[in-house]
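Structure record follows, encoded as structure tokens.
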Amino acid sequence: MHGMNGPLPSDLNLLLVLEALLAERHVSRAAMRLNRSQPAVSHALARLRDIFGDPLLVRGEGGLQPTARALQLAGPLAEALALVRSMVDPPTFDIGQCSRHFRLSLSDYGTAILLPPLVARLRKAAPLIDLSVVSYGRDRALAALIDGEIDLAVGVYPELAAAGRRDLMSDLLFRETFACLSDGAVQPGALSIERYLARPHVRVTVALEDDSEVDAALARLGHKRRIAIQIPHWSAAPDLVRGTDLVLTAAKRSLEALETGSLRCSEPPFRLAGFPFVQTWHRRREKDAPHRWLREEIALAARGSTGEREPRRS
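In structure tokens, the structure reads:
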């Protein structure tokens, strides 16, 4: 493997142990993942430390934390093991007998529209596949893909075109537009740009540093709205709007079903471009058959939510 200090490990299983430890950050969980004993994994870690001349994983808050050297190895390690697996895996596989654990980053919005149909399909067609879902901010999700911490990220990622993201591939699931949710009983009448700017707003974002397409569009027009409430969870937002003067500007598909009682869903009172909703993954996973199958299932779930499928891109 490129960049190793010292001789290559003579036992490929050592690299499998390192992969599991980097993923689980815990010796016991790595042992369970590998179906090996905890002492065996600890012994393998000691051998890996000798081979690489580095502690690789050190105790920290919440478990083991990778050293800089371990993070440097994560990408080449994943690529090497993916290549080996592609050599030994059969050309076809039985998804019904496939046992895998996938880690996905999904927003509340993505979870609500994609996860129910996806999980229903998995339970029937692939009952041995397990999913762990996290909700990372945009930068962290893309960094986690590059580091091999997660397998797929589904959401809005305008950063994909930036330099340094060339190893990330993507599939356009659908294009989404914005809408505004407000309580018509509190302040009746059309939501003009003047009224929009005069009212306080709810903003849903996982990470404080994530840019908002809404605020960027307003800034281009020389305007700025007041964010009175910022929360990371989509599910609470509609109840914050109900009975208040707050306005929620979010994906139209997520708001239309909430137009009940006095809640009103309306077009934004200013030009606001739509945005692509994508799934993205690292190039090293491109030829991984179960991973490819999962991507296709996510695309099918997205098609069910929109009624049509967008053309694929990468």
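In this text, residue positions in the sequence shown follow the UniProt record's numbering: the first is 1, and each later residue adds one.
Even glycine gets a Cβ: it sits at the ideal position worked out from N, Cα and C.
Next on the checklist: Could you compute how far the alpha carbon of V17 sits from the alpha carbon of L77?
Outcome noted: 11 Å
Item to check | DSSP bridge partner residues for T249 (one or two, in chain order) | outcome: C180
Item to check | Beta bridge counterpart(s) of P276 as assigned by DSSP | outcome: Beta-bridge pairing by DSSP links P276 to R175.
Next on the checklist: Tell me the DSSP secondary structure of S212 in three-state form.
Outcome noted: Here S212 sits in coil by DSSP.
Checklist entry - DSSP on Q187, reduced to helix/strand/coil? => result Coil.
Checklist entry - Rounded to a whole number of angstroms, what is the C-alpha to C-alpha distance between L294 and R121? => result 10 Å
Checklist entry - Based on the DSSP output, what are the partners of I129 in its beta bridges? => result Partner residues in the beta bridge of I129, as assigned by DSSP, are R100.
Checklist entry - Nearest CA to the CA of Q97: which residue from P39, R242, L173, A126? => result A126
Item to check | Outcome for R226 when other beta-carbon atoms lying within 10 angstroms are tallied against a minimum of 16 | outcome: exposed
Checklist entry - When you compare only the Cα positions, how much space is there between A143 and A74? => result So the two alpha carbons sit approximately 12 Å from each other.
Item to check | Neighbourhood of G304 by C-beta, 7 Å cutoff - its chain only, sequence neighbours within 5 removed | outcome: Shown here for G304: same chain residues with a beta carbon closer than 7 Å to its own, the five before and five after excluded, namely P117 in chain order.
Item to check | Bridge-paired residues (DSSP) for Q38 | outcome: Q38 is not bridged to any residue.
Checklist entry - Residues bridged to A153 by DSSP? => result S105, T280
Checklist entry - What is the DSSP secondary structure of E304, counted as helix, strand or coil? => result In the sequence on display, residue 304 carries Gly and not Glu. Helix at G304.
Next on the checklist: Using a 10 Å radius around the Cβ and a threshold of 16 neighbouring Cβ atoms, would you call E297 buried or exposed?
Outcome noted: Per the 10 Å Cβ criterion, buried.
Next on the checklist: Would A280 and L168 be called neighbours here (beta carbons separated by less than 8 Å)?
Outcome noted: The sequence as given places Thr at residue 280; Ala does not occur at that position. It is a contact, given that the beta carbons lie within the stated cut-off.
Checklist entry - By how many angstroms is the C-alpha of P268 removed from the C-alpha of L255? => result 13 Å
Item to check | Separation of A30 from E24, as counted between CA atoms | outcome: 6 Å
Checklist entry - Looking only at its own chain, which residues have a Cβ that is under 8 Å from the Cβ of L34, when we skip the five neighbours before and after it? => result L16, V17, A20, V41
Item to check | Range of the contiguous alpha helix (DSSP H) that encloses A23 | outcome: 12 to 24
Item to check | Range covered by the beta strand (DSSP E) that runs through I227 | outcome: Here the beta strand (DSSP E) through I227 covers 227 to 231.
Item to check | Local conformation of I298 per DSSP, three classes | outcome: helix
Checklist entry - Among residues of its own chain, excluding the 5 on either side of L160, which ones have a beta-carbon nearer than 7 Å to its beta-carbon? => result L168, S170, T280
Item to check | Assigned secondary structure, P66 (DSSP; H/G/I helix, E/B strand, else coil) | outcome: strand
Checklist entry - In its own chain, which residues sit with a C-beta less than 8 Å from the C-beta of R193, not counting the 5 before and 5 after it? => result Rather than Arg, the amino acid found at residue 193 in this sequence is Ile. For I193, where only same-chain residues beyond five positions count, the Cβ hits under 8 Å are H223, P269, F270.
Checklist entry - Using the C-alpha atoms, what's the distance from K287 back to P232? => result When rounded, the distance between both Cα atoms is 34 Å.
Item to check | Assigned exposure category for V27 - 16 Cβ within 10 Å defines buried | outcome: Buried, since its Cβ has 16 or more Cβ neighbours within 10 Å.
Item to check | Unbroken beta strand (DSSP E) run spanning R203, endpoints | outcome: 201 to 204
Checklist entry - Taking the Cβ atom as the reference point for each residue, do L14 and A44 lie within a distance shorter than 8 Å? => result yes
Checklist entry - CB L64 to CB F102, shorter than 8 Å? => result no
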